[in-house]
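The structure under discussion appears below in the form of structure tokens.
Protein chains: 4
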Amino acid sequence: MPSPVRPDRATAPETSHLAERFAAVRDLTLALAAPLSDADATVQSMADASPTKWHMAHTTWFFETFVLRDHVAGYALHDERFPFLFNSYYEAEGRRHARDRRGMVTRPSLDEVRAYRAHVDAAMLDALPGLSKDAQTLVALGCHHEEQHQELLVTDILHMFSENPLEPAMWPAARKVPVEMPAPIGWVSHEGGIVEVGHYGDGFAFDCEGPRHAALLAPHAIADRTVTNGEWAAFIADGGYTEARHWLADGWAWVKAEGIVAPLYWEQGEAGWTRFGLDGRRAIDPAAPVTHVSFFEADAYASWAGARLPTEFEWEAAAASYGANGGNQMDLAGPVEAPAGGKWSGVLRRCLGMDRQCVPALSEVRDCGGGC
Amino acid sequence: MPSPVRPDRATAPETSHLAERFAAVRDLTLALAAPLSDADATVQSMADASPTKWHMAHTTWFFETFVLRDHVAGYALHDERFPFLFNSYYEAEGRRHARDRRGMVTRPSLDEVRAYRAHVDAAMLDALPGLSKDAQTLVALGCHHEEQHQELLVTDILHMFSENPLEPAMWPAARKVPVEMPAPIGWVSHEGGIVEVGHYGDGFAFDCEGPRHAALLAPHAIADRTVTNGEWAAFIADGGYTEARHWLADGWAWVKAEGIVAPLYWEQGEAGWTRFGLDGRRAIDPAAPVTHVSFFEADAYASWAGARLPTEFEWEAAAASYGANGGNQMDLAGPVEAPAGGKWSGVLRRCLGMDRQCVPALSEVRDCGGGC
Amino acid sequence: MPSPVRPDRATAPETSHLAERFAAVRDLTLALAAPLSDADATVQSMADASPTKWHMAHTTWFFETFVLRDHVAGYALHDERFPFLFNSYYEAEGRRHARDRRGMVTRPSLDEVRAYRAHVDAAMLDALPGLSKDAQTLVALGCHHEEQHQELLVTDILHMFSENPLEPAMWPAARKVPVEMPAPIGWVSHEGGIVEVGHYGDGFAFDCEGPRHAALLAPHAIADRTVTNGEWAAFIADGGYTEARHWLADGWAWVKAEGIVAPLYWEQGEAGWTRFGLDGRRAIDPAAPVTHVSFFEADAYASWAGARLPTEFEWEAAAASYGANGGNQMDLAGPVEAPAGGKWSGVLRRCLGMDRQCVPALSEVRDCGGGC
Amino acid sequence: MPSPVRPDRATAPETSHLAERFAAVRDLTLALAAPLSDADATVQSMADASPTKWHMAHTTWFFETFVLRDHVAGYALHDERFPFLFNSYYEAEGRRHARDRRGMVTRPSLDEVRAYRAHVDAAMLDALPGLSKDAQTLVALGCHHEEQHQELLVTDILHMFSENPLEPAMWPAARKVPVEMPAPIGWVSHEGGIVEVGHYGDGFAFDCEGPRHAALLAPHAIADRTVTNGEWAAFIADGGYTEARHWLADGWAWVKAEGIVAPLYWEQGEAGWTRFGLDGRRAIDPAAPVTHVSFFEADAYASWAGARLPTEFEWEAAAASYGANGGNQMDLAGPVEAPAGGKWSGVLRRCLGMDRQCVPALSEVRDCGGGC
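Residue numbers (this note's numbering), protein chains in the order written: chain A, 8 to 379; chain B, 8 to 379; chain C, 8 to 379; chain D, 8 to 379.
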């Protein structure tokens, strides 16, 4: 059981919001990892994935190093050996354990990593009221950093469980209301022209989200929703994975070399397609958005559907219009209970750098003569 | 805590010895694994190694399949899914999990595997008094099979801990009396001629240990003890790993390609050579036999020492003369407490197929003119 | 000796220009290959390169297949077995020889490939006056296609000779007037805004060069000439290849993994840097443009120089202003004698898809406040 | 045309035989290479093979280095750069070109290598009458060394031609009398016991052929002839390559991984099995010995036939009884014309170290009770 971080320690008016935010983020990580055993949290299923325990400790190392060590007088490291183990790629912070051997670290145990988290959380909440503005900015950065790792954590643990022939379920079946079948795709036209993209305003943003700059869009139309599993199954049934003409040359070579016939984690059973998820193997939900498809697959689907993928800038222009409520995809991950009295706005961003993780949206190039 | 198998269940006079033997072997496996966490017992450090949990379950699967399933009416499998997970390479027993993915099986947990062992042990001890001669032979085979896996288990877990930058110790420091420095190597002459090799008598033997047959030995002399760590350090100090002339061509290529400079797990510290073992990293014991050297290293050492490695048949002839008490090397593995009242004669045989595991013994070819 | 193609066969006014063009292109290929032996023209130095003989035959196969076979009644293939050998990647044209085994084809010999060329050239020049407009378009395409292969041919043969420890020179030393040291780089400002890019007009263009479309440029300045070998040597001397901070992460990983310390074909001698070229190994010319650097190297250089690489569209905008005479880089390749009475305008385009072949140009992003 | 070496230069009685032998060996190499073009002799088809030109130059380098350079005062190297190119693996002779890049050496050309041979041959024949005994021994060694490379040369050039989709024939069809179908295999019994193996007498032998020593044979019977292509085809037809039970585990893994279905160079055509050879692709000769099978295939065949492969010592004992005329297999290689007036006894030994090159002979272990 994760011991909830107590936000009431941070009482100074100007930092109380930050303390709440910090506590919520830290608790969510514990909640996501709660169903895992020591072994579940230790094993690394491939070089591109990290063990849950590593995600839990690395995010803690971030706060310990850049806030406590650098900004809190007298702070003593919880364990002198941890920085070597839990630094990721910050070259300036010295040597670190090879990424593809993270799964060898059976010790410290999961409980010891939880103790590491508790130690750092307590020190952070003690320190927060007195932190400088610079240090507060680092706390905010660390919260976003940990949210990124939450996305990786659920992605990586899914991959690990998928490698177990028993296909264990991390969570019981979702008690969600069934998704209603959406209406056919509609097309949202954009007249093209110069648009502004990139972060603006005073809120937090990662380095790579700015600076805000102009981009030129061609006139186009973009789908008003994502592609469903049901539509993808129709693509498969229509020879989507067996006809070279839909695919980029490199994509087709990948399909042939790897024997790809469906999205990752899909399998064909007697009663149709199933997919493996954190709630185990279940029939695909034809109304839900397709997930775990690669760029090549998304591109081939778009080609089959008579469209193309949107450019980065077309996508940003479209996404910006969805507003604050449009992007919450955490409920896809599983039945996480938010900490009592808390609230969390965790938006699962696209997992960059992970194969086969993007959700395609369709874009149609229209031939706009004089009249459009 | 391993629950000791109760040998008192097997009361029939003709099988009581076998029941004791079975109980002792089964308990030793639990004792060897006792210091391990769930994560320790789950991780696979390389394709050539298996997780401890797998060794524990696979040896259990052997008894469940070939004794209980095949010879005990009404026996129900403990878990229908386990044969797929824990079969190793018995082609006739159907599909099995890929060897290099054994480390993905975080579930069943170590406790569940212990429960599997307890279930099968109880059924075995119930069944033993009534087993046919054929089935009893399979029990004896299974005990030897499990002893082989005990050797692999300690070898594999050592490799796994060695991959953790923290180099955790599985056992506290051995409380052994220090090994006395042995006398200089003496040479035991053999006049050559036809000798008999291979298993004989009524005792147990593996298939590959027979049939007994004749072999022709040249006159030779073989060292009367194994090479020590201290002698090996002298070899290193004398350029053993830096001069091509001691090495076979393939061995030299291996040394250059892999950057080999000492036996596996050795490191040079400020106070001299250390080695990593199940009791952590410690100074090498100059009086103890060298371990974790490959065939190529052993061959190079022998060449440096003005000798050569013995042939398989020279070794067998020499080993046969050591008698029943000569070969117990289990005490090298660590401070295992034998189950109360039990006794075990576990001889750690050479781990065939594992890189860098042989203990070299020296053989000198003498040029025997008329007088020898 | 290559037998020059006789353009006088194509006498019809409307096709005489195309015949001259065809003859000039075909003769240049022979001239480029003239110094090569049968073995030189056969060997393939890596999977990404093709033998000269293959380039010579493949370009011939193009005309034979798409013009003579498809548009000239009664044409008989020169050799029924050649299409399998000399098709490159036209899926619709059937099976073909594996790309990385092209160097196994010692037969047909270089002379036999020259005979193949002569046969097809004669048939082409006979046919040209009567070709339909569509077929004439294919002839023009084939000429451009062959010019692309001329670039590959000299690039590939250079690589092949560089793999010979004797480093043979294909051509004698260039009798060029020494290049004058250029003036320091000047910066050509561009105010940004929407520009048009892509092919326009009636002239020939490859598929990927259109359609013409708008692109948005930021205000920037681009260097008015390419980087010289002398400037690159200064980059090396200043730690260019030893400091991670100039490099993209993937680039730095490549530098470390491959031991990259200078542009391809450069070596440090007692008297300074030398480079290998088709005229053998010679001192670098500090005034000449640097060549054989990869994207990663170009990017690191630009970073070191306080600039960045131009975008594709910035480059296109800049290159468009150079006019018709600016781009001829054929003289870099060596002292080719144009066939008597002929003329050729062969422009060596950048060799896309070849590692380490781009010529970097610098672009500087200016922070344009109100005044620019 | 190779210019025949003139043995008449070596007139001193005590060396005239050696001069004849030298000339015959050198001429045979030229004769074997006579049908090859410059390109044929230059290309290297895999890392385990060497170009013909390399074989021709390396064997020449051997005489130039160890005889002329070391034993003939005033001899000047033909080309100072050749030792680097044509040394194979004599570590003491300094750096050498990487083995797997030998095919990059288009220059020197085949004609230049022939000139190198002619230069060294002339110097050798001049020097031979005055050579010391030690130097004469090196000449004899060099002749045997060159005969080994003749075997490699024909093996390697066959592989190279086999990689050309046109499958060119090096030689016209053999004008041999058809091989008569041999009688069924008979079995030659050996009563076992101690036999002597290894070189004896004053004749030449390679290092690895001695010293002569005793070996113990079990009673056995060995086939009185090699296995024929017809018998091998029966093995294939009976599921030889599709049933795991005939194969060693590593062999079966190789069959599955590589898709092996027949001996190397065999293909199934409409009229049955064909094989590729230096005389092109032809129907297999059912009466001729099977060739180009690996150890694994030979072992599987023997298992299928109810026998096993002979041990090295059983084979040596059997081969020794064949006498001087039994082993000439050069006629398998093709229609080589011996130099006029010469004679050659070239025996093609088994090409050790080459995949799939051994000729299996069958050995049957008999259970010899009292009566045998």
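Every residue, glycine too, gets a C-beta built ideally from N, C-alpha and C.
Contact set between residue i and chain B, taken where Cβ atoms lie within less than 7 Å
i: Ile201(D); result: Leu223
Amino acids of chain C, ordered along the chain, whose beta-carbon sits closer than 8 Å to that of residue i
i: Gly110(D); result: Val50, Gly110
i: His220(A); result: Ala225
Residues that residue i contacts on chain C, provided the C-beta gap is smaller than 7 Å
i: Ala46(D); result: Asp45, Ala46, Thr49, Thr113, Ser116
Beta-ladder partner(s) of residue i, from DSSP
i: Trp273(A); result: Arg282(A)
i: Glu203(A); result: Ala221(A)
i: Arg289(C); result: Arg282(C)
i: Pro235(B); result: Inspection of the sequence shows that residue 235(B) is occupied by Thr rather than by Pro. In DSSP, Thr235(B) forms a bridge with Pro296(B).
Alpha carbon of residue i to alpha carbon of residue j, nearest angstrom
i: Arg33(B); j: Ser95(B); result: 19 Å
i: Phe320(D); j: Ile229(D); result: 12 Å
i: Pro58(B); j: Arg109(B); result: 7 Å
i: Leu138(C); j: His206(C); result: 26 Å
i: Ala290(B); j: Ala190(B); result: 21 Å
i: Cys215(C); j: Leu224(C); result: 21 Å
i: Leu25(A); j: Asp128(A); result: 13 Å
i: Ile5(D); j: Met111(D); result: With chain D covering 8 to 379 only, the question about residue 5(D) has no answer from this structure.
i: Met188(B); j: Pro296(B); result: 10 Å
i: Glu304(A); j: Tyr272(C); result: 40 Å
i: Trp68(B); j: Ala176(B); result: 30 Å
i: Thr281(B); j: Ala122(B); result: 39 Å
i: Ala325(D); j: Ala222(D); result: 13 Å
i: His78(C); j: Thr249(A); result: 33 Å
i: Ile267(C); j: Leu316(C); result: 20 Å
i: Leu75(D); j: Asp141(D); result: 13 Å
i: Asp257(C); j: Asp245(C); result: 21 Å
i: Ser169(A); j: Phe283(A); result: 7 Å
Closer than 8 Å at the beta carbon, the chain A residues around residue i
i: Phe91(B); result: Pro172
Cβ separation of residue i and residue j, assumed to be a contact under 8 Å, to the nearest whole Å
i: Pro293(B); j: Thr235(B); result: 6 Å
i: Thr298(D); j: His156(D); result: Wrong, their Cβ atoms sit about 19 Å apart, outside the cutoff.
i: Ser116(B); j: Ala46(A); result: 7 Å
i: Met63(D); j: Ala40(D); result: 6 Å
i: Leu285(C); j: Trp178(C); result: 5 Å
i: Glu2(D); j: Arg219(D); result: The structure shown does not extend to residue 2(D), since chain D is modelled only from 8 through 379, so no value can be given for it.
i: Phe211(A); j: Ala147(A); result: 5 Å
Check each residue of the region 61 to 88 of chain C: if its Cβ is closer than 8 Å to any Cβ of chain A, include it; give the result in chain order. none
Positions along the region 157 to 175 of chain D whose CB lies within less than 7 Å of some CB in chain C: Met167, Glu170, Asn171, Pro172, Leu173, Pro175
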